Structure formats: structure tokens, C-alpha cells
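As C-alpha cells, the structure follows; a few thoughts come after it.
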Amino acid sequence: MRNHQKNKEPWLAAALSLNIVGLGQMYAGNFWRGFSLLFLWVTFIVLALYQLFNIHGKTIYALIFLFLIVLIMLISIIDAWKIVRKQNDLEFEKIRKTTRDPLLAVFLNLLWPGAGQFYLKNWLLGLLFAVILPTLGGGIFIWLIYFKNTITLSDAKLHYGFLGYLLQIISIICCFINVKRKYKSIILIFTFLAVYNIGLEQLTHYFKINYAELFKMSSEVMMPTINKDDRVICLKYNKNEIKHGDVIVFKPLEYPKSLYMMRCVGIPNDRLTTSNNKIFINNRFISYFPTNIYDSILLNQIFKTGNKGITVPTNHYFMIGDNKSSSFDSRYWGFLPSSNIQGRITKIYWPLSRENVLTNYIPNN
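Everything in the sequence shown is counted per our numbering, starting at 223 for the first residue and increasing by one.
The following block contains the structure:
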């Protein structure tokens with residue numbers, strides 16, 4: 223019979239392994255097989271993160287480990303499904319195939335909310351979960367970001383992720399509408415997995431806010447050090463330890479919802495002075511600074527000190543882009559408060575041809 227204790231659901235096993243590698247094998251009764259797969263999966267995740275975020279790591283190795291992570295997940299899904307089918311009675315499998323399996327619909331919904339409804343031929347619900355609600359939600363977030371300017375892109379991505387998980391939970395529950403057999407325990411399992419995924423999303427967001435985040439360079443302000451469209455790694459846990467020459471991600475004073483990347487050339491208590499159209503830090507000429515008369519006048523207009531100079535205030539920094547000719551930086555808007563700093567760029571990780579560790583030096587160009 224369908225609910226016989228010996229028989230289990232193959233698509234439930236596959237769905238469990240889709241969420242947590244090895245969990246499907248454990249559900250099938252093969253604990254150590256599942257544990258071994260889980261151990262390998264977690265190990266490769268740790269190694270991939272190390273290769274990506276550590277300054278001594280290599281992006282190519284991170285990609286290799288990412289491939290292995292996906293491969294092990296696929297192996298776990300297929301293996302769990304096969305183990306359960308092999309263990310089940312032939313009569314049970316025959317009964318299971320007589321109708322459209324709601325657990326296969328659940329598995330499809332884990333891949334994309336609404337796909338399970340299409341499999342069950344609930345076309346309206348499928349269209350609602352897969353197309354209408356995601357499009358409507360995305361449109362609302364775009365309106366809030368670009369027209370109302372009330373939410374940042376990062377926050378919008380987080381909220382849109384929550385919307386996706388909410389749709390996933392509802393679409394999973396809807397898979398069991400009009401199903402005669404009882405699946406209460408299974409619904410609880412998938413509800414737990416959905417909550418687990420939401421918790422994982424929160425953990426990822428916490429990691430991005432407090433430890434490290436990936437960014438894409440959207441301008442030419444840091445050329446040739448960082449080209450437009452280069453992808454970089456920003457460490458955030460040590461953002462209060464900024465040194466001369468560090469490349470910083472920060473929220474600009476005039477556009478607090480945007481993010482800029484520039485080099486720090488003045489830290490708290492540094493003395494900035496101008497002489498003969500040259501700019502000095504602590505009486506030391508830095509050839510990186512522009513030396514034409516226009517920039518010297520511009521600096522004097524900002525700080526209104528003539529040639530007497532000024533001290534960088536406590537908890538403030540002086541920022542300039544490596545591509546000085548197209549950099550809207552501290553020469554124009556003054557000192558940057560430390561509260562606006564998001565983190566420090568450590569390396570370019572993509573494209574592979576430009577992978578490079580960024581050192582805290584001030585280029586003499």
C-alpha cells in the first residue's frame with residue numbers, strides 16, 4: 223500500500239538532496255552514504271569560498287570546486303531517487319505511477335515556483351506563481367529603486383529573494399490540493415526546508431554586510447588599476463583599519479544610495495597643503511595628486527585655506543580615483559566620513575586574465 227512503512231517517496235528523497243546534499247540518502251535509510259556526500263559537499267563549499275575570498279586563492283580553483291559542488295549535488299539527487307525506487311515494492315511503484323505525483327510537482331517547484339503546477343496541469347496557478355507574481359514583484363522593486371528612490375538595489379534583491387521563497391512555500395502547499403492521500407508530514411518537511419532556505423539567505427546577507435561582498439566596477443574612475451566591468455572582492459570586517467593607498471568601497475556624500483570605488487590618499491590627522499600648484503601630504507609631495515593649477519585652486523576652494531593647508535578631520539578620509547581626469551572625488555566634495563565606508567577592495571577575481579591582488583600603494587602616474 224501507498225503508506226506502508228517500508229515504502230518511501232523517491233521524489234521526496236530527490237527534493238531533500240536538492241536542498242541539502244546527502245539528506246535524501248539519509249531519508250532512504252543509508253545514513254553513512256548520505257553523510258559522506260554531505261561531508262564532501264560542505265568541504266568543497268569551504269574550499270571554494272577560501273579560493274575566492276582569500277588574497278592567495280585563485281578564481282580558477284574556486285570555479286573547479288564550484289563544478290564539484292554542483293556535480294555532487296546532481297549525483298546525490300539521482301542516487302537518492304534510485305535508492306528509494308529500488309527499495310520500494312513493485313506494487314507501490316505501480317500505484318505511484320497511476321497518477322501525477324505531487325512530490326514530483328514539489329521537486330519542480332523547488333527549481334522554479336509554478337513549474338509543479340504546470341506539471342499537475344493547474345495552468346492558472348502555474349502562470350500566477352511562475353510569471354505574474356514574480357513580474358509584478360520585480361516591477362514594484364524597480365519602481366521603488368529608480369523612480370521613488372526609497373530602497374537600495376541590495377535591499378531590493380534581499381526582499382525579492384524573500385518573495386521567491388514565499389511563492390515557493392505557497393506553490394508547494396498548493397501541490398497537495400485535491401490530493402486524496404495524506405501528506406501532512408511531508409508538507410511539514412518542505413515547510414521546514416523553505417524556512418531553512420530563508421535562514422540561509424539571511425546568513426548570506428549577514429556575511430555580505432559584515433564580512434565580504436562581490437562588486438562589479440561600473441565606471442572608469444579607477445583605471446588602469448581596475449577597469450570598467452572588472453569584478454572585485456570587498457572585505458568589510460576590517461573597514462576601520464584603512465591605510466594610505468587602500469582602494470575603498472564607499473557611499474558618496476551626494477549620492478548615498480550609490481557605491482563608489484576610489485583610493486585613500488589621506489587618513490585622519492594627515493596634513494594637506496598646496497605649494498607651487500602641487501599638493502603635499504604631511505609635507506611630502508605625492509606625485510599621484512594632480513599638479514596643475516586648476517586642481518590646486520579647486521582644493522583651496524573646497525577647504526578655503528589658501529596655501530596654509532588643512533588637517534584631515536578625525537574619522538574622515540581623502541579619496542581620489544586612479545583615473546584622475548574622470549574622477550569625481552575628494553577634490554570636489556571634500557573629506558569622506560568613515561561611516562560611509564563599506565569596505566576595502568583586496569583583489570580582482572574576474573575576468574581571469576585580470577585576476578590580481580590589490581596592494582595599498584599610491585601609483586605615481
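Backbone N, C-alpha and C define an ideal beta-carbon position, used for all residues, glycine too. These numbers come from a predicted model, not from an experiment.
Range covered by the beta strand (DSSP E) that runs through His466: No beta strand (DSSP E) holds His466; DSSP gives it neither H nor E.
Local Cβ density within 10 Å of Ser440, reported as buried at 16 or more and exposed below that: It is exposed - the Cβ of Ser440 has fewer than 16 other Cβ atoms within 10 Å.
Three-state secondary structure assigned by DSSP to Phe540: For Phe540, the secondary structure class from DSSP, reduced to helix, strand or coil, is strand.
Gly383 to Ser552 span [Cα, whole Å]: Going by the C-alpha atoms only, they are around 36 Å apart.
Helix, strand or coil at Glu231 [DSSP, three-state]: Note: Glu231 maps to coil in three-state DSSP.
Among Pro324, Tyr428 and Leu380, nearest to Cys397 - alpha-carbon criterion: Proximity to Cys397 across Pro324, Tyr428 and Leu380 peaks at Pro324, based on C-alpha coordinates.
For Pro559, the three-state DSSP class (helix, strand or coil): If DSSP states are grouped into helix, strand and coil, Pro559 belongs with the strands.
Validate contact between the region 272–292 and the region 555–563 using beta carbons, cut 8 Å, 3 pairs: With a cut-off of 8 Å, the region 555–563 and the region 272–292 do not count as touching, because too few Cβ pairs lie within range.
7 Å Cβ cutoff met for Glu577 and Ile570: Yes.
Beta-ladder partner(s) of Trp572, from DSSP: Per DSSP, Arg453.
Euclidean distance between Cα positions of Thr581 and Ser298: For the pair Thr581 and Ser298, the Cα-to-Cα distance works out to about 42 Å.
Beta bridge counterpart(s) of Gly435 as assigned by DSSP: The amino acid occupying residue 435 in the given sequence is Glu; Gly does not appear at that position. Paired residues: Cys456.
Rounded C-alpha distance that separates Leu332 from Trp303: Near 16 Å, if we compare the C-alpha coordinates of Trp303 and Leu332.
C-beta contact flag for Glu463 and Lys450 at 7 Å: Against a cut-off of 7 Å, the Cβ pair of Lys450 and Glu463 comes out as no contact.
Range of the contiguous beta strand (DSSP E) that encloses Arg255: Per DSSP, Arg255 belongs to no beta strand (DSSP E); it is in the alpha helix (DSSP H), Phe253 to Phe275.
Proximity of Tyr433 and Lys458 at Cβ, strictly below 7 Å: In this structure, Lys458 lies closer than 7 Å to Tyr433 by Cβ.
Residue span of the beta strand (DSSP E) that contains Arg485, given as start and end: Note, Arg485: beta strand (DSSP E), Tyr482 to Gly488.
Simplified DSSP assignment, three categories, for Asn578: When DSSP states are grouped into helix, strand and coil, Asn578 belongs to the strand group.
Test item: CB-CB of Leu389 and Pro478 under 7 Å: The answer is no: Cβ separation not under 7 Å.
N- and C-terminal bounds of the alpha helix (DSSP H) containing Met248: Unbroken alpha helix (DSSP H) run through Met248: Leu245 to Tyr249.
Boundaries of the alpha helix (DSSP H) in which Arg322 is found, first to last residue: Segment: none, Arg322 is in no alpha helix (DSSP H) and carries neither H nor E.
Length of the line joining the Cα atoms of Ser393 and Leu375: So the two alpha carbons sit approximately 26 Å from each other.
CA nearest to the CA of Pro573, picked from Leu285, Ile305 and Leu385: Among Leu285, Ile305 and Leu385, the Cα nearest to that of Pro573 is on Leu285.
Pick from Arg485, Ile300, Ile532 and Phe261 that is closest to Asp186, judged by C-alpha positions: Lying before the first or after the last residue shown, residue 186 is absent from the chain, which here runs from 223 to 587.
Minimum length 4: unbroken alpha helix (DSSP H) runs contained in the region 346–397: For the region 346–397, whole alpha helix (DSSP H) runs of length 4 or above, ordered along the chain, are 355–364 and 375–396.
Own chain partners of Leu347 with C-beta closer than 8 Å, once the 5 adjacent residues on each side are dropped: Exclusion of the five residues before and after Leu347 leaves Gly336, Gln339, Ser393 and Cys396 as the residues of its chain whose Cβ lies within less than 8 Å of its Cβ.
Through-space distance from Lys546 to Asn491, alpha-carbon basis: Between Asn491 and Lys546, the C-alpha separation is close to 24 Å.
C-beta atoms of Val306 and Ala235 nearer than 7 Å: It is a contact, given that the beta carbons lie within the stated cut-off.
Beta carbon of Met295 nearer than 7 Å to that of Val243: Note that the C-beta distance between Met295 and Val243 is below 7 Å.
Reference Gly531, options Gly565, Gly488, Phe550 and Ile563, closest by Cα: Nearest in C-alpha terms to Gly531, of all of Gly565, Gly488, Phe550 and Ile563, is Gly488.
Rounded C-alpha distance that separates Tyr249 from Trp233: Approximately 11 Å, taken between the alpha carbons.
The alpha helix (DSSP H) enclosing Asp551, as first and last residue numbers: Premise fails: Asp551 is in no alpha helix (DSSP H) and is neither H nor E.
7 Å Cβ cutoff met for Gly279 and Cys456: Judged by their CB atoms, Gly279 and Cys456 are not nearer to each other than the 7 Å cut-off.
Rounded separation between Ile362 and Tyr387 - CA only: If you take the alpha carbons of Ile362 and Tyr387, they lie about 17 Å apart.
Per DSSP, the bridge partner or partners of Ile532: Answer is Leu494, bridged to Ile532.
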